[in-house]
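S.K.:
2 protein chains.
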Amino acid sequence: MFDKLYAALVHYPIRDKHDRAVATAITNLDIHDIARSARTFGLGGYFVVTPVKAQRWLACRIIHHWSAGWGATYNPNRKDALSLVNIAPDLGHVADVIEERHGRQPLWVATSARRYPNTLSFESLIDHIRNVPEQPVCLLFGTGWGLHPELILDADHVLEPIAGVGPYNHLSVRAAAAIIFHRLAALLTKASEDN
Amino acid sequence: MFDKLYAALVHYPIRDKHDRAVATAITNLDIHDIARSARTFGLGGYFVVTPVKAQRWLACRIIHHWSAGWGATYNPNRKDALSLVNIAPDLGHVADVIEERHGRQPLWVATSARRYPNTLSFESLIDHIRNVPEQPVCLLFGTGWGLHPELILDADHVLEPIAGVGPYNHLSVRAAAAIIFHRLAALLTKASEDN
Numbered sequence: 001m002f003d004k005l006y007a008a009l010v011h012y013p014i015r016d017k018h019d020r021a022v023a024t025a026i027t028n029l030d031i032h033d034i035a036r037s038a039r040t041f042g043l044g045g046y047f048v049v050t051p052v053k054a055q056r057w058l059a060c061r062i063i064h065h066w067s068a069g070w071g072a073t074y075n076p077n078r079k080d081a082l083s084l085v086n087i088a089p090d091l092g093h094v095a096d097v098i099e100e101r102h103g104r105q106p107l108w109v110a111t112s113a114r115r116y117p118n119t120l121s122f123e124s125l126i127d128h129i130r131n132v133p134e135q136p137v138c139l140l141f142g143t144g145w146g147l148h149p150e151l152i153l154d155a156d157h158v159l160e161p162i163a164g165v166g167p168y169n170h171l172s173v174r175a176a177a178a179i180i181f182h183r184l185a186a187l188l189t190k191a192s193e194d195n
Numbered sequence: 196m197f198d199k200l201y202a203a204l205v206h207y208p209i210r211d212k213h214d215r216a217v218a219t220a221i222t223n224l225d226i227h228d229i230a231r232s233a234r235t236f237g238l239g240g241y242f243v244v245t246p247v248k249a250q251r252w253l254a255c256r257i258i259h260h261w262s263a264g265w266g267a268t269y270n271p272n273r274k275d276a277l278s279l280v281n282i283a284p285d286l287g288h289v290a291d292v293i294e295e296r297h298g299r300q301p302l303w304v305a306t307s308a309r310r311y312p313n314t315l316s317f318e319s320l321i322d323h324i325r326n327v328p329e330q331p332v333c334l335l336f337g338t339g340w341g342l343h344p345e346l347i348l349d350a351d352h353v354l355e356p357i358a359g360v361g362p363y364n365h366l367s368v369r370a371a372a373a374i375i376f377h378r379l380a381a382l383l384t385k386a387s388e389d390n
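Chains V and B supply the protein sequences, listed in that same order.
The first sequence runs 1 to 195 under the working numbering.
The second sequence runs 196 to 390 under the working numbering.
(1) Locate the alpha helix (DSSP H) running through valine 368 (chain B), then write down its first and last residues.
(2) Can you pull out the residues from the stretch 11-34 of chain V whose beta carbon lies closer than 9 Å to at least one beta carbon of chain B?
(3) Using a beta-carbon distance below 7 Å, is glycine 298 (chain B) in contact with chain V?
(4) Looking only at its own chain, which residues have a Cβ that is under 7 Å from the Cβ of isoleucine 62 (chain V), when we skip the five neighbours before and after it?
(5) Should arginine 231 (chain B) be flagged as near chain V, meaning a C-beta pair shorter than 7 Å?
(6) Using a Cβ cut-off of 9 Å, pull out every chain V residue sitting near asparagine 272 (chain B), in sequence order please.
(7) Within 10 angstroms of the Cβ of glycine 361 (chain B), are there 16 or more other Cβ atoms? Answer buried if so, exposed if not.
(8) Using a Cβ-Cβ cutoff of less than 8 Å, which residues in the same chain neighbour leucine 277 (chain B) once the five nearest sequence positions on both sides are dropped?
(9) Of all the options B:Glu295, B:Asp275, B:Ala216, B:Asp285, which has the alpha carbon lying nearest to the alpha carbon of valine 243 (chain B)?
(10) If you reduce the DSSP assignment to three classes, tell me which class threonine 40 (chain V) lands in.
(11) With DSSP collapsed to three states, give me the class of tryptophan 340 (chain B).
(12) With three or more beta-carbon pairs closer than 8 Å as the criterion, would you say the stretch 70-87 of chain V touches the stretch 37-56 of chain V?
(13) Would you mind reading off the limits of the beta strand (DSSP E) that contains threonine 306 (chain B)?
(14) By the three-class DSSP mapping on this structure, what secondary structure does leucine 120 (chain V) have?
(15) May I have the straight-line CA-CA distance separating glutamine 55 (chain V) from valine 22 (chain V), to the nearest angstrom?
(16) Residues in the same chain with beta-carbon distance under 7 Å from glutamate 345 (chain B), minus the five sequence neighbours each way, listed in chain order, please.
(17) Can you tell me whether DSSP reads isoleucine 87 (chain V) as helix, strand or coil?
(18) At a Cβ threshold of 7 Å, is phenylalanine 242 (chain B) touching chain A?
(19) Does DSSP put alanine 218 (chain B) in a helix, in a strand, or in coil?
(20) Rounded to a whole number of angstroms, what is the C-alpha to C-alpha distance between arginine 115 (chain V) and alanine 358 (chain B)?
(21) Exposed or buried, arginine 78 (chain V), counting other C-beta atoms within 10 Å across all chains shown (16 or more means buried)?
(22) For valine 165 (chain V), go through chain B and note every residue whose CB falls closer than 7 Å to its CB, in chain order.
(23) I'd like the list of long-range same chain contacts for valine 97 (chain V), defined as Cβ closer than 8 Å, with 5 residues on each side in sequence excluded.
(24) Hey, histidine 170 (chain V) and asparagine 118 (chain V) are a contact pair by Cβ (cut 8 Å); roughly how many whole angstroms apart?
(25) Taking DSSP's pairing of strands, which residues face tyrosine 207 (chain B) in a bridge?
(26) If I follow the unbroken beta strand (DSSP E) through glycine 240 (chain B), where does it start and stop?
(27) Rank B:Leu204, B:Lys199, B:His343, B:Leu200 by C-alpha distance to the C-alpha of alanine 371 (chain B) and give the top, closest one.
(28) Please decide whether isoleucine 180 (chain V) counts as near chain B, where near means a Cβ-Cβ distance under 7 Å.
(29) Let me know the secondary structure DSSP gives alanine 350 (chain B) once reduced to three states.
(30) Give a yes or no on contact between the stretch 177-194 of chain V and the stretch 382-390 of chain B, applying the rule of three or more CB pairs nearer than 8 Å.
(31) Between isoleucine 324 (chain B) and alanine 373 (chain B), what straight-line distance do the alpha-carbon atoms span, to the nearest angstrom?
(32) Whole-angstrom Cβ separation of phenylalanine 41 (chain V) and phenylalanine 181 (chain V), contact assumed at under 8 Å?
(33) Considering only the alpha carbon of each residue, which of V:Arg104, V:Glu100, V:Arg101, V:Ser121 lies closest to alanine 110 (chain V)?
(34) Report the three-state DSSP secondary structure of valine 247 (chain B) (helix, strand or coil).
(35) Would you tell me roughly how many angstroms separate the C-alpha atoms of tryptophan 303 (chain B) and leucine 348 (chain B), rounded to the nearest one?
(36) Grab me the residues of aspartate 196 (chain V)'s own chain with a C-beta within less than 8 Å of its C-beta, minus the 5 sequence neighbours each way, in chain order.
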């Protein structure tokens, strides 16, 4: 059922430390780490989203190196993970690709270290995935200081923040994505076994 | 109780893709990401371990930049996370620092994507932490293609691998550390609530 779960790493609009909307740069490790986590937990795909054309070109070059270039022979595991990656200019493009595959627009679930009025628990998201199996779900992850509030408020839901053991809660997006995929996969497996 | 849990990121002896023992290079994001995850989940400390003096010097410079240099003002959250980081030449040094703090040598628990004869489940590790609260625990993480088997067989235990949804299991060490800290913190909280 996880093949209908997607992740999108958003590079615009992103908050900077002064809460301004900015575009962030694509980083090599964001592509690799999140692709490897997505592949390990069986996601349907991983979108790297930026409106900056030169950045998309850079991301495509990185992926090409490991998928078809010298890197594909050197490390086939990377090729395998990167086969999940799509480079997209905006979320409209992401919606189109997902709809083409599944015949439906995805449910947009933003992630954030903060709580918002439309916060959804991990358990409720799993219930939705099980109860409406025909609808794909796309998790939105922010770079920089997180997704801009305008994007969060536009999403259908915001996933509950990952709780640390104290007030400090500044996971990297690579760490947060890994924890979220793992937790959703564990809850989905448990829910399937219970029934 | 998590302040007795430590993590060490090992750069030697590490497996390369041909199973030879090599020393890997320290990377900037390994320091930051794992420090931020360790801080979020309340670990007692995070050791970055390499026998290469020039690499330790580099790691110290990175930490100094964010702890006392210009970066400390620019992003205090990083300073906060990096206060957990210790740069060490070998695991003997790690043992000394932990023993000085807690009066006991740590239990060494290696992590690996493979199963070994002395594999320990997450639940058993939590039982140990609760039953022997005076003993610190140090999780060992490998860079490159993972900890060299000689180090794994020397450890007291090997933590069970993180299960993906299929045979692919190539998480980055940054992702694996985040998932392991999160899972241990969740199990420990649950065990404390149950009693």
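Where is the CB? At the ideal position from N, CA and C, for every residue including glycine.
Bear in mind the structure is a predicted one, so any value in this text is a computation, not a measurement.
M.R.: So, from the data block:
(1) Valine 368 (chain B) -> alpha helix (DSSP H) spans 368-389.
(2) Residues of the stretch 11-34 of chain V with a C-beta atom less than 9 Å from some C-beta of chain B are Lys17, Thr27, Leu29, His32, Asp33, Ile34, listed in chain order.
(3) Answer no: the Cβ-Cβ gap between glycine 298 (chain B) and chain V never drops below 7 Å.
(4) Closer than 7 Å at Cβ, skipping near neighbours: Asn28, Ile31.
(5) Interface residue, yes.
(6) One finds Tyr168, His170 in chain V with Cβ atoms closer than 9 Å to the Cβ of asparagine 272 (chain B), taken in chain order.
(7) Classification for glycine 361 (chain B): exposed.
(8) Correct list, in chain order: Ile226, His227, Ala230, Ile258, Trp261, Ser262.
(9) It is B:Asp285 whose Cα lies nearest to the Cα of valine 243 (chain B).
(10) DSSP places threonine 40 (chain V) in helix when its eight states are reduced to three.
(11) Coil.
(12) Result yes; three or more Cβ-Cβ pairs closer than 8 Å.
(13) The continuous beta strand (DSSP E) containing threonine 306 (chain B) extends over residues 302-306.
(14) Three-state result, leucine 120 (chain V): strand.
(15) Answer to the nearest angstrom: the Cα atoms are 14 Å apart.
(16) So the list reads Pro208, once near-sequence residues are dropped.
(17) Strand.
(18) Although the question refers to chain A, the structure presented lacks it and instead comprises the protein chains V and B.
(19) Of the three classes helix, strand and coil, the one that applies to alanine 218 (chain B) here is coil, per DSSP.
(20) About 29 Å.
(21) Flag for arginine 78 (chain V) reads buried.
(22) Residues of chain B with a Cβ closer than 7 Å to the Cβ of valine 165 (chain V) are, in chain order, Phe197, Phe236, Gly237, Ala380.
(23) Closer than 8 Å at Cβ, skipping near neighbours: Gly45, Phe47, Asn86, Ala88.
(24) For a cut-off of 8 Å, the C-beta gap from histidine 170 (chain V) to asparagine 118 (chain V) is around 23 Å, too long to register as a contact.
(25) For tyrosine 207 (chain B), which the question treats as bridged, DSSP gives no partner whatsoever.
(26) Residues 240-244.
(27) Minimum Cα distance to alanine 371 (chain B) is reached at B:Leu204.
(28) Chain B has no Cβ within less than 7 Å of the Cβ of isoleucine 180 (chain V).
(29) Reduced to three states, the DSSP call for alanine 350 (chain B) is coil.
(30) The stretch 177-194 of chain V vs the stretch 382-390 of chain B: no contact.
(31) If I take the Cα positions, the gap works out to 19 Å.
(32) Taking C-beta atoms under 8 Å as the contact rule, phenylalanine 41 (chain V) and phenylalanine 181 (chain V) qualify, at a distance of about 4 Å.
(33) Ranking V:Arg104, V:Glu100, V:Arg101, V:Ser121 by Cα distance to alanine 110 (chain V) puts V:Ser121 first.
(34) Looking at valine 247 (chain B) - three-state DSSP - the assignment turns out to be coil, as it is neither helix nor strand.
(35) One Cα belongs to tryptophan 303 (chain B), the other to leucine 348 (chain B), and the distance between them is close to 11 Å.
(36) The structure shown has nothing for residue 196 (chain V), since chain V only spans 1 to 195.
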